[in-house]
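Take 813 as the starting number for the sequence shown in our numbering and just add one per residue.
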Amino acid sequence: MSNDPRLPRPELLAPAGNRDCVRAAVENGADAVYFGLEAGFNARVRAANLSLNEVGEVMSYLHRRGLRGYVTFNTLVFTEELEAAEQSIRHLAASGVDALLVQDMGLARLIRQIEPDLEVHASTQMTLTSAECLAAAEDLGIARVVLPRECSIDEIREIHDHSRLELEAFVHGALCVAYSGQCLTSESLGGRSANRGHCAQACRLPYDLICDGQDVPLGDVKYLLSPQDLAAFELIPELIKAGVSSLKIEGRLKSPEYVANITSHYRRAIDQAIEQQRVALSRAQVRDMELSFSRGFSPGWLNGCDHKMLVPGLSSAKRGIRLGEVVTITRSRVTVRLDAPIARGDGVVFAGDRVAGDEQGGRVYQVFREQ
């Protein structure tokens, strides 16, 4: 029995929507990178993605740097697409891809038949929320399961205790309001299937609430289906103890700068968790992540359900960091009690009813400090 008190080291898995994002992930501490194909079969068709011909070169680059590379093949596949899917799978296997992430159970079986040595991971879109679900996935030859974001740490621990499969969990990025893989809103409202990579993000729109035929006054609370973002850096020790072996950052639609910034901070957080069994990022480091992109940081569902915390309803867009609170307003000056540093050139927004157009903002040209 080992006397090492440190936690086991999990994989840090970073997103890549293009080759620049691949490099950003590699240079900032990722252990593995996941990306999709421009030919389709992935749930982020709006990303630039990689061509089939680029995959071999990218995988060689990753392997030279000691990283693994996974391809997202995580949409539902129709019968008439199976031949093209098979050709892509064979090409990916020959290119040295370490694993494919899949949603379609039939596709998982096809991979096992034509490329039995190619590792298969169950995408979060497969909605595997219990040990019983994982047993069915294991029968398909799946080696790892990407757990739905809706699972709490207690549920993850229960799954781990009754399954032999590797567990991967999201630790940072956007949250869906629906169960993973089960949202039909985009398809129903606009004919754009999220399970085919064309999510219209209907959850990010403002809505009215009607109860018994009457409008319910909500004030400036209009974004009723738009969750805050997941930022679970403080929960990394608990996730590792619960049995998670891969910690995943969402963001294949994000920029290389975003990938670099978030990956580097989670590299630091994981290293702290291993050495100290706790994470202690500074407030400045957290603000640095918020400035990359944030709808507001939250633990998601990892600590259980808290819907009012998760969906404040005030906005669905990037908000940056909370700067402070307005104290007084005059014709020539706004006095603010600051919670964060500010400098000339920064952009600010004075929060209000965004739907009604009451929000105002602009660039800071001068800062006066009260003595």
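Heads up, the beta-carbon is just placed ideally off N, CA and C, and yes, glycines get one too.
Quick check: the Cα distance between residue i and residue j, rounded to an integer number of angstroms?
i, j, result
"residue 903", "residue 837", "24 Å"
"residue 1018", "residue 1123", "12 Å"
"residue 898", "residue 858", "23 Å"
"residue 1172", "residue 1116", "35 Å"
"residue 1003", "residue 1040", "26 Å"
"residue 1074", "residue 877", "20 Å"
"residue 1025", "residue 952", "48 Å"
"residue 1080", "residue 1142", "44 Å"
"residue 1160", "residue 853", "40 Å"
"residue 920", "residue 1152", "49 Å"
"residue 1144", "residue 1179", "12 Å"
"residue 1034", "residue 1047", "30 Å"
"residue 827", "residue 1065", "9 Å"
"residue 1157", "residue 1140", "22 Å"
If you count every other CB in all the chains shown that lies within 10 Å of the CB of residue i, and 16 or more means buried, which is it?
i, result
"residue 1174", "exposed"
"residue 1181", "exposed"
"residue 937", "buried"
"residue 843", "buried"
"residue 1028", "exposed"
"residue 1088", "exposed"
"residue 825", "buried"
"residue 912", "buried"
"residue 1001", "exposed"
"residue 1107", "buried"
For residue i, which residues from the same chain have a beta carbon less than 8 Å from its beta carbon, with the 5 sequence-adjacent residues on both sides left out?
i, result
"residue 860", "829, 830, 850"
"residue 819", "1049, 1052, 1053, 1085, 1086, 1089"
"residue 906", "868"
For residue i, which residues of its own chain have a beta-carbon under 6 Å away from its beta-carbon, when the five flanking residues on both sides are left out?
i, result
"residue 975", "943, 946"
"residue 894", "none"
"residue 1148", "1136, 1138"
"residue 999", "1005"
"residue 1044", "983, 1111, 1114"
"residue 1036", "1019, 1125"
"residue 1012", "998, 1002, 1004"
Give the range of the beta strand (DSSP E) segment to which residue i is assigned.
i, result
"residue 882", "880 to 885"
"residue 1042", "1041 to 1043"
"residue 1050", "Element bounds for residue 1050: not the beta strand (DSSP E) but the alpha helix (DSSP H), 1048 to 1053."
"residue 925", "No beta strand (DSSP E) contains residue 925, which is instead part of the alpha helix (DSSP H) from 917 to 926."
"residue 1175", "1172 to 1175"
From what residue to what residue does the alpha helix (DSSP H) around residue i run?
i, result
"residue 867", "864 to 876"
"residue 944", "943 to 951"
"residue 898", "894 to 906"
"residue 1137", "Per DSSP, residue 1137 belongs to no alpha helix (DSSP H); it is in the beta strand (DSSP E), 1136 to 1141."
"residue 956", "First-last for residue 956: 956 to 958, but that is the beta strand (DSSP E), not the alpha helix (DSSP H)."
"residue 1017", "Where residue 1017 is concerned, there is no enclosing alpha helix (DSSP H), given that its DSSP letter is neither H nor E."
"residue 1150", "No alpha helix (DSSP H) holds residue 1150; the beta strand (DSSP E) holding it covers 1146 to 1150."
"residue 1122", "1119 to 1122"
Leaving out five residues before and five after residue i in sequence, what residues of the same chain have Cβ atoms less than 7 Å from its Cβ?
i, result
"residue 926", "898, 901, 902"
"residue 910", "880, 881, 882, 931"
"residue 1154", "1135, 1176, 1179"
Checking contacts by CB at 8 Å: is residue i closer than that to chain B?
i, result
"residue 1107", "Structure shown: chain B not included; a single protein chain is present."
Please specify which runs of the alpha helix (DSSP H), each continuous and at least 4 residues long, are wholly inside the segment 964 to 1014, giving them in chain order. 965 to 973, 997 to 1002
Could you name each continuous beta strand (DSSP E) segment of 3 residues or more that falls completely within the segment 1057 to 1110, going from the start of the chain to the end? 1058 to 1061
Taking only runs of the alpha helix (DSSP H) that begin and end inside the segment 814 to 856, which ones reach a length of at least 4 residues, in chain order? 831 to 839
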